[in-house]
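Report on the following structure.
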Amino acid sequence: MGKLFGTDGVRGIVNEGLTPELAMKIAQAACTWLGGGKVLIGKDVRYGGDMIVSAVSAGLASCGCKPYYAGLIPTPGLQYAVPRLNYDMGIMVTASHNPPPYNGIKVIGANGVEVPRNAERVIEDILFNERFRKVPYNLVSDLRVENEALEVYVEGVVSSVDVDLIKKKEFKVVVDGANSVGSLATPKVLRSLGTKVLCLNCNLDPSFSWREPEPTPTSLGYAAKIIREVGADLLVGHDADADRAIIGDDAGRVHWGDRSATLLTEYVSQRYPQLPKRTFTAVSSSHFVVEGYLGPKGIEVRWLPVGSVNISHTLIREGGLSGFEENGGYMHPLHQPVRDGAMKTALFLEMLAYYGKKASELFDKLPKTYPIKGKVPRPPNFNMRNLYEHLKDKYSSCKFDEVDGLKVVCEDFWFLVRPSGTEPVIRIMVEALNPKLAREVYDTLKKTIELFIASITS
Ligand code: MG
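Residue numbers (the numbering used here): -6 to 451.
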């Protein structure tokens, strides 16, 4: 059976990998799986959005679902609205942080969370066998408009923080909206919190001509310069569907998401003691920052495979303080157990107000580490297991974790080796407590992997 869903939904180049025909079939399969009901559709700013929304709406209607359209909205906005406005499913048309030619589809369950892997497999099975539900002519619904979704979401984020506490501080925040739907929600949330907002890249532009859709310390570099010029307390940069938020501090430094999430998780454990003292993150997050900082504070860190959907479902099942990824995704379970860029921003302001500290002072509490990321080509049919065993022999004095790929944790460095889910490469991630060691470990590891591949393929 074929596979359609990747790490987070279905993605493809508009009119090539992702055609209107495919979009319609995905909607037909999802509606057949659901067995009928009300479905809320939303989109981000990307090319082909209206075409895919029309195809999705047609597919849903032909199978007896009732399609409603929320228009432009962040993914977490649609996710928040689905259970609160009594929808049975949501379909978000977005390719998140992918380059401009891409669009995609995320299927959201009635609880507002992306459907679990086993449901994706059932939807794929229905699609590939074309076992679509069909309803008679008089049960085919028209597309209706849902006007409340964005407003309900913004109010939901605002109501999840201490508004009076934040308002007293009169914060200034630079928002980079990635020229997409984050621009429609986060500035509204911040203004409701008495914050002055300087909005960059807040015009809607599917060509993303000013900034790539992925927020990183590099892509937000120019925005970081502005923070100090305007004397802002914080920078927040979203991806194109605004489920991610990458934070920059008042000193003009932009931090990966595992650093900001570590601070937030400590704050949530102090402010909301009713939550179980554990957090969930992907193996790709920094071991030294997350485990090294939170572990001694009595917070259990649970390492999970890469992919936010699994983190969400584990957080719901087991309960905890937070779920997060180094890419800027952060889940605040007292709001909703999915990544939410505006919620992360509001919670960060609440933390600054509660401690009465600057963002730079908080980030300075975290260990200083030196990460290096890279990749090597992976030959077809290459067996990763053999490579893992080879590396375990070589680094036998270290600790191993094989929840996703191979993670090797040594005294003053750790690394992660795993196959990419989207391209034929092996991803390497190294982090050490000094820059010279990080470079040495990375160079040695890369060479070891290349030699091992050459030895078995020659
Ligand atoms: Mg995203």
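Beta carbons are placed, not taken as given, at the ideal position from N, Cα and C, and that holds for glycine.
So, are the CB atoms of residue i and residue j less than 7 angstroms apart?
{"i": "residue 300", "j": "residue 0", "result": "yes"}
{"i": "residue 206", "j": "residue 232", "result": "yes"}
{"i": "residue 194", "j": "residue 171", "result": "yes"}
{"i": "residue 34", "j": "residue 62", "result": "yes"}
{"i": "residue 400", "j": "residue 276", "result": "yes"}
{"i": "residue 298", "j": "residue 155", "result": "no"}
{"i": "residue 424", "j": "residue 369", "result": "no"}
{"i": "residue 239", "j": "residue 245", "result": "no"}
{"i": "residue 133", "j": "residue 22", "result": "no"}
{"i": "residue 100", "j": "residue 108", "result": "yes"}
{"i": "residue 241", "j": "residue 228", "result": "yes"}
{"i": "residue 328", "j": "residue 407", "result": "no"}
{"i": "residue 39", "j": "residue 289", "result": "no"}
{"i": "residue -2", "j": "residue 113", "result": "yes"}
{"i": "residue 73", "j": "residue 149", "result": "yes"}
{"i": "residue 338", "j": "residue 179", "result": "yes"}
{"i": "residue 28", "j": "residue 58", "result": "no"}
{"i": "residue 84", "j": "residue 174", "result": "no"}
{"i": "residue 158", "j": "residue 346", "result": "yes"}
{"i": "residue 308", "j": "residue 273", "result": "yes"}
{"i": "residue 269", "j": "residue 316", "result": "no"}
{"i": "residue 447", "j": "residue 363", "result": "no"}
{"i": "residue 98", "j": "residue 2", "result": "yes"}
Any idea if residue i is buried or exposed, counting beta-carbon neighbours within 10 angstroms, 16 or more meaning buried?
{"i": "residue 271", "result": "buried"}
{"i": "residue 449", "result": "exposed"}
{"i": "residue 234", "result": "buried"}
{"i": "residue 340", "result": "buried"}
{"i": "residue 89", "result": "buried"}
{"i": "residue 261", "result": "buried"}
{"i": "residue 204", "result": "buried"}
{"i": "residue 138", "result": "exposed"}
{"i": "residue 318", "result": "buried"}
{"i": "residue 437", "result": "exposed"}
Taking 6 angstroms as the line, does the beta carbon of residue i fall inside it for any heavy atom of the ligand MG?
{"i": "residue 89", "result": "yes"}
{"i": "residue 237", "result": "yes"}
{"i": "residue 43", "result": "no"}
{"i": "residue 37", "result": "no"}
{"i": "residue 386", "result": "no"}
{"i": "residue 234", "result": "yes"}
Within the same chain, show all residues whose beta-carbon is closer than 7 angstroms to that of residue i, passing over the 5 residues directly before and after it, in chain order.
{"i": "residue 42", "result": "36, 86 and 96"}
{"i": "residue 332", "result": "69, 236, 237, 301, 322, 323 and 324"}
{"i": "residue 255", "result": "282, 283, 286, 287 and 359"}
{"i": "residue 181", "result": "147"}
{"i": "residue 265", "result": "327"}
Who are the Cβ neighbours of residue i in its own chain at under 6 angstroms, not counting the five residues just before and after it?
{"i": "residue 210", "result": "247"}
{"i": "residue 461", "result": "Lying before the first or after the last residue shown, residue 461 is absent from the chain, which here runs from -6 to 451."}
{"i": "residue 435", "result": "365 and 423"}
{"i": "residue 183", "result": "166 and 190"}
{"i": "residue 31", "result": "59, 80 and 81"}
Ordered along the chain, which non-local residues of its own chain (more than five positions away) have a Cβ less than 8 angstroms from that of residue i?
{"i": "residue 439", "result": "367, 369 and 421"}
{"i": "residue 303", "result": "110 and 297"}
{"i": "residue 51", "result": "17 and 20"}
{"i": "residue 141", "result": "74 and 78"}
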